[in-house]
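Worksheet: the structure to be examined is printed underneath.
Protein chains in written order, with the working numbering: chain A, 337 to 743; chain B, 337 to 743.
As C-alpha cells, then:
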C-alpha cells in the first residue's frame with residue numbers, strides 16, 4: 337500500500353506563472369520562438385558589480401554563513417532604508433532570506449496558525465495562494481476592479497477591509513506596488529490600511545519588492561515608514577527586481593516587531609543560511625550608483641508605455657495603465673485565458689513565434705473571477721514587447737475563427 | 337494592541353547548534369579564540385572547480401532558473417546515483433533544493449499534515465525538531481543508546497519501530513549515516529526499516545547527506561537502492577558535506593514516488609528556483625575526480641580517530657567511535673551540558689582559547705535525555721581537534737572546581 341501525500345500539499349495550487357512552462361518547452365522543441373511574458377524576468381543586464389564581487393571571493397572554503405545573513409549585506413540594506421525611505425532600523429530588524437519567496441513563507445508561518453485568515457486585495461501575486469495553502473492559511477479577498485485602477489473600493493475603502501475581519505484574521509497581505517496590477521497606493525491609502533491594522537490588532541505584510549519601480553513621478557510611501565504602525569508592519573524585500581538579479585535569490589524580512597523577528601530567526605536557523613556567494617554579490621549590488629536605478633526606472637516606464645499603447649489598439653482589450661511594478665493586467669476577448677494560453681503554445685504561431693502569458697484566474701481567490709484576464713511582463717525590450725503584442729493580436733483573431741468557432 | 341505571533345512559531349525550538357553562536361561572538365569580541373566544533377563545517381578546501389565554473393558564468397542577466405533545477409546539475413546527480421549506488425533514476429525523480437534543509441522542509445510538508453507523526457530514532461539531527469514543530473508534526477522517538485553504538489535496539493529492532501505506529505504515523509525519518517551519532521545501518525537494518533515501511537504503508541525519509549563518509553571499509557546501503565520500497569523512500573541529499581561546500585546551499589529531494597515529486601514541485605514553484613550561480617558551481621562539483629572524495633574520506637577517518645583517541649583519555653567521558661558522518665557524540669561528566677557550554681563561552685579559557693560544542697539535549701525528543709551528552713564536529717584539522725580536546729579536558733576539570741563546587 338503506497339502511503340498518501342498530505343492534504344496540505346494537495347491544497348497548494350500549481351503556479352499559473354510557471355505551470356505552463358512545460359508546454360512552452362514543448363513549443364520550443366517544436367521549433368517555435370516563444371516570447372516569455374509570463375514571468376517577471378527583466379532582460380536588463382545585472383550590474384557588473386555583482387559578478388565582480390563573486391569573482392573576487394577568495395576564501396578556500398565555501399562555508400556556512402550566519403542564519404541572520406551577511407553583515408555587509410544587512411548593513412547595506414539598513415543604509416538604503418535610511419537614505420531612501422527615511423527609516424532608521426537596527427540589524428535585528430532585518431533577516432536575509434532566499435528571495436522574497438522565503439521571506440513570505442517565514443512571515444506567514446510566523447504570523448499565522450493553520451485555519452487563520454489573511455485579508456488580501458485581489459487580484460494578488462499568485463504565489464500568495466500557494467504559500468497560504470501550504471501553511472493552511474485562508475485567503476479572504478477584497479476584490480478590486482480594473483475600473484478603479486485596482487485601488488481599494490473608493491466608496492469606503494476602510495469598510496471594504498474591515499468588513500472582512502473575523503476572529504481568525506491575523507493580518508492584511510498585499511504587494512505594493514501591486515503585482516499583477518501595478519497599483520501604487522496613495523499615502524492616504526497606506527495610512528488607512530495601517531490604521532485598520534493598528535485599530536484591529538492585525539499584522540500588515542507589505543510585499544514591497546517592486547518599490548523602485550513607480551512611474552510618472554508618483555510618490556511612494558513604504559508601510560514601514562509609518563511610526564504608528566511599526567509593531568504591525570512586516571516588509572518583504574528583495575534584490576531580484578531592484579537589480580535585475582532574480583537568479584540571486586536574495587530577499588529580506590524587515591520588521592520592527594521584535595517577536596516577529598525572533599520567531600523568524602528560528603525558521604532561518606532551521607535552514608542554516610542563504611548562499612554565501614550570492615550574499616557577497618548582493619552586498620556589492622547595494623553599492624551600485626543610484627543612476628543605475630534611475631536609468632532602469634525610466635526605461636521600464638517607457639517599456640510599459642510601449643506595451644500599453646500596443647495592447648490598447650487590440651479590439652476587445654480593456655486595461656488601465658499600471659502605476660508601478662512591471663506587469664500589465666488586461667481583460668482580453670476570450671472566455672478562458674488558461675485554455676487560450678494552452679492553444680497559443682500548442683496550436684498557434686505567427687511566422688514561427690508565439691507568446692506565453694500568465695492567465696489571471698490563479699491571481700484571484702474568488703471563484704470565477706479573472707478568467708478573461710491575463711498578466712504580461714512589461715520589463716522586456718521595447719521591440720520584444722511590440723512584437724509580442726502583434727503576435728497576441730493575431731492569436732486573438734485566429735482564436736476567434738478557429739475550428740469550433742466561438743470565443 | 338500588538339498582534340501575537342503564531343503558536344507554531346513558538347513551538348519551534350531554537351537551534352542547539354546555532355543558538356550559542358551569539359555567546360561565541362561575544363567571546364570572540366572579548367579577545368578569546370573560539371574553536372567551533374558545534375557545527376558541521378569542514379575546513380577542507382572546496383574543490384576549485386566550483387569557483388572556476390562560477391567565475392566563467394558569462395550571461396549578462398542573472399535570471400531565474402527553472403523550479404525543478406539546473407538540467408546539468410540534475411543530470412550529474414543521476415549519473416552519480418547510477419554509478420555509485422546502482423540506482424537508475426529519471427530527471428523527474430530529482431528536485432534541486434536550497435540545501436538539504438529545504439529538501440527536508442518540502443518533504444515533511446508534502447508527506448504530513450498537522451498533527452501527523454513521524455517516527456525518528458533519537459538522538460537525531462536537531463533541525464528535525466525545528467522543521468517538524470514548524471510543520472505541526474509530532475516526532476515519536478525510538479531511543480537508541482551509546483552502548484549499542486546508537487543502532488536500533490538489537491533485541492527486536494522491528495518491534496521497537498512498529499510499537500510506535502499509530503493511525504497518525506506517516507513515516508520514519510532518519511539520517512544515515514547518523515547525525516549526531518555517526519551510526520551506519522547495516523544492510524539488514526536498512527532492509528528491516530524498509531520492510532516496516534512497506535508493510536505498514538509508511539514513508540521512509542532517509543537523510544543521506546553524509547553517505548560519502550563511511551569509515552573502516554564498511555559497506556553503505558542507500559535506502560533508495562531498495563526496489564521493493566521505491567514508492568516509500570524519499571532521500572534527502574546535498575553537496576554541502578560531500579564537497580565541503582556548505583555555503584552553496586544546494587540540496588536535493590530524490591524519490592521514485594511520482595505523487596511526492598509532483599507535490600514537492602508545487603512547493604518548489606512557490607519559491608521560484610534555487611540560485612543560478614550556485615547551481616552552476618554545484619554542477620561542476622559533480623565532475624570533480626573521485627580521488628577528491630577518497631582523499632577526504634580517509635582524511636576524515638583519521639580526524640575522527642584523532643578526536644576519539646583524545647576524548648577517550650578524558651576522565652569520565654563515554655563514547656563509541658562513530659562509523660560514519662563527521663560527528664562524535666559523547667557523554668561527559670557534567671549534569672547539564674547546556675549550562676557547561678555557556679560557562680565555556682563566558683567564563684573559561686585555556687591560554688585565551690575555548691571550545692564551542694552542541695549540547696545534545698536538543699537532539700532528543702524524550703524529555704531529560706541527552707543532558708549530559710554533547711556533539712563535536714570531527715571534520716577539522718587534526719591539530720585543531722587535538723587542541724580542542726585539550727581545552728575541553730581543562731574546562732571539565734575547572735568546571736568541577738568552580739565556585740559552587742559540584743558538577
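Every residue, glycine too, gets a C-beta built ideally from N, C-alpha and C.
In the DSSP assignment, what are the bridge partners of residue i?
| i | result |
| --- | --- |
| residue 480 (chain B) | DSSP output for residue 480 (chain B) lists no bridge partner at all. |
| residue 713 (chain A) | A:663 |
| residue 505 (chain B) | B:453 |
| residue 493 (chain A) | According to DSSP, residue 493 (chain A) bridges with nothing at all. |
| residue 587 (chain B) | B:433 and B:574 |
| residue 458 (chain B) | B:479 |
| residue 511 (chain A) | A:543 |
Starting from the beta carbon of residue i, find every residue of chain A whose beta carbon is closer than 8 angstroms, and list them in chain order.
| i | result |
| --- | --- |
| residue 382 (chain B) | 396, 397 and 398 |
If you draw a straight line from the C-alpha of residue i to the C-alpha of residue j, how long is it?
| i | j | result |
| --- | --- | --- |
| residue 682 (chain B) | residue 608 (chain B) | 43 angstroms |
| residue 469 (chain B) | residue 562 (chain B) | 30 angstroms |
| residue 671 (chain A) | residue 517 (chain A) | 20 angstroms |
| residue 581 (chain B) | residue 559 (chain B) | 24 angstroms |
| residue 464 (chain A) | residue 711 (chain B) | 39 angstroms |
| residue 743 (chain B) | residue 719 (chain B) | The predicted model places residue 743 (chain B) with a pLDDT of 47, which falls under 50 and marks its position as unreliable; any figure quoted below should be read in that light. Rounded to whole angstroms, residue 743 (chain B) to residue 719 (chain B) spans 29 angstroms at the Cα level. |
| residue 393 (chain B) | residue 616 (chain B) | 8 angstroms |
| residue 713 (chain B) | residue 655 (chain B) | 14 angstroms |
| residue 433 (chain A) | residue 652 (chain A) | 42 angstroms |
| residue 337 (chain B) | residue 690 (chain B) | 45 angstroms |
| residue 460 (chain B) | residue 401 (chain A) | 23 angstroms |
| residue 736 (chain A) | residue 475 (chain B) | 57 angstroms |
| residue 633 (chain A) | residue 396 (chain B) | 19 angstroms |
| residue 592 (chain B) | residue 677 (chain B) | 43 angstroms |
| residue 552 (chain B) | residue 637 (chain B) | 8 angstroms |
| residue 715 (chain A) | residue 378 (chain A) | 5 angstroms |
| residue 412 (chain B) | residue 564 (chain B) | 25 angstroms |
| residue 646 (chain A) | residue 664 (chain A) | 12 angstroms |
| residue 406 (chain B) | residue 725 (chain A) | 30 angstroms |
| residue 597 (chain A) | residue 430 (chain A) | 8 angstroms |
| residue 543 (chain B) | residue 642 (chain A) | 51 angstroms |
| residue 514 (chain A) | residue 454 (chain A) | 17 angstroms |
| residue 537 (chain B) | residue 428 (chain B) | 23 angstroms |
| residue 541 (chain B) | residue 442 (chain B) | 12 angstroms |
| residue 525 (chain A) | residue 506 (chain A) | 20 angstroms |
| residue 447 (chain B) | residue 361 (chain A) | 29 angstroms |
| residue 595 (chain A) | residue 368 (chain A) | 52 angstroms |
Got a sec? Which residues, its chain only, sit under 8 angstroms from residue i by beta carbon, not counting five neighbours each side?
| i | result |
| --- | --- |
| residue 398 (chain B) | 612 and 613 |
| residue 686 (chain B) | 726, 727, 730 and 731 |
Could you list which residues in chain B have their beta carbon closer than 9 angstroms to that of residue i, in chain order?
| i | result |
| --- | --- |
| residue 693 (chain A) | Within 9 angstroms Cβ-Cβ: nothing; residue 693 (chain A) doesn't reach chain B, min ~16 angstroms. |
| residue 568 (chain A) | 338 and 339 |
| residue 527 (chain A) | Those do not exist, as residue 527 (chain A) stays about 18 angstroms from chain B at its closest Cβ, beyond 9 angstroms. |
For residue i, go through chain A and note every residue whose CB falls closer than 7 angstroms to its CB, in chain order.
| i | result |
| --- | --- |
| residue 612 (chain B) | 583 |
| residue 377 (chain B) | 399 and 400 |
Can you pull the chain A residues whose beta carbon is under 9 angstroms from the beta carbon of residue i, in chain order?
| i | result |
| --- | --- |
| residue 538 (chain B) | 339 |
| residue 438 (chain B) | 434, 438 and 607 |
Who are the Cβ neighbours of residue i in its own chain at under 6 angstroms, not counting the five residues just before and after it?
| i | result |
| --- | --- |
| residue 610 (chain A) | 432 and 434 |
| residue 693 (chain A) | 373, 374, 710 and 712 |
| residue 567 (chain A) | 593 |
| residue 480 (chain B) | 457 and 486 |
| residue 701 (chain A) | 458, 475 and 477 |
| residue 348 (chain B) | 466, 469 and 470 |
Since residue i meets chain B, which of its residues come closer than 7 angstroms, beta carbon to beta carbon?
| i | result |
| --- | --- |
| residue 548 (chain A) | Residues of chain B passing the Cβ test: none, with the nearest at roughly 17 angstroms. |
| residue 506 (chain A) | 339 |
Starting from residue i, find everything on chain B with Cβ-Cβ shorter than 8 angstroms and list it in chain order.
| i | result |
| --- | --- |
| residue 445 (chain A) | 342, 344, 345 and 470 |
| residue 467 (chain A) | 606 |
For residue i, collect the residues of the same chain with a Cβ closer than 7 angstroms to its Cβ; drop the 5 residues on either side in sequence, then sort them by chain order.
| i | result |
| --- | --- |
| residue 674 (chain A) | 695 and 697 |
Counting only beta-carbon atoms, is residue i nearer than 7 angstroms to chain E?
| i | result |
| --- | --- |
| residue 463 (chain B) | The structure shown has no chain E; the protein chains it does contain are A and B. |
For the ligand MN, is there any heavy atom lying closer than 6 angstroms to the beta carbon of residue i?
| i | result |
| --- | --- |
| residue 343 (chain A) | The ligand MN is not part of this structure, which contains no ligands at all. |
Original post:
For the region 646-693 of chain B, which segments carrying the beta strand (DSSP E) assignment without a break, of at least 3 residues, lie completely within its bounds, in sequence order?
Top reply: The qualifying runs are 663-667 and 689-692.
Subject >> Inside the region 523-575 of chain B only - alpha helix (DSSP H) runs reaching at least 4 residues >> reply: Listed in chain order, they are 523-536.
Subject >> Every unbroken beta strand (DSSP E) inside the region 391-426 of chain B [3 residues or more] >> reply: At a cut-off of 3 residues, not a single continuous stretch assigned as beta strand (DSSP E) sits fully inside the region 391-426 of chain B.
**OP:** Scan the region 353-386 of chain A and note each continuous beta strand (DSSP E) run of 3 residues or more that stays entirely inside, going in chain order.
**Re:** With a minimum length of 3 residues, the continuous beta strand (DSSP E) runs that stay inside the region 353-386 of chain A are 369-372.
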